[in-house]
Amino acid sequence: MSLRSLALLSLCAVLTACSKINQENYSKLKAGMSKAEVEQLIGTPTECAGAFGMSSCTWGDEKSFISVQYAADKVLMYSGQGLK
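Sequence positions in the sequence shown follow mature numbering (1 follows the signal peptide of the UniProt record, and there is no 0) and run -19 to -1, 1 to 65.
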């Protein structure tokens, strides 16, 4: 294995280990938190959509994700899948 391949593999492992999309951060989510508090905890969402004061944001991918639903920028409910 070349040095370049080893460095790339190491970087990928570090980035995966440092993901904020994990069970520890998921357990810190609470109903009523502001959108800013959630983003401070788990970062910028992968995608968001909404209308009429309601929105839904998702962090992660189809295998491992956290989804948060907001009403007036306050957490209404949340769910997660594949978290470690």
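Backbone N, C-alpha and C fix where the C-beta goes; we use that ideal spot for every residue, glycine too.
Being a predicted model, the structure only gives us computed values, none of them experimental.
Helix, strand or coil at residue i [DSSP, three-state]
i, result
"residue 47", "strand"
"residue 64", "coil"
"residue -1", "coil"
Per DSSP, the bridge partner or partners of residue i
i, result
"residue 28", "39"
"residue 56", "51"
Among the options, nearest to residue i - alpha-carbon criterion
i, options, result
"residue 60", "26, -1, 10", "10"
"residue 49", "-1, 3, 29", "29"
"residue -1", "46, 34, 36, 33", "46"
Beta-carbon gap between residue i and residue j smaller than 9 Å
i, j, result
"residue 64", "residue 7", "yes"
"residue 20", "residue 26", "yes"
"residue 36", "residue 54", "yes"
"residue 34", "residue 2", "no"
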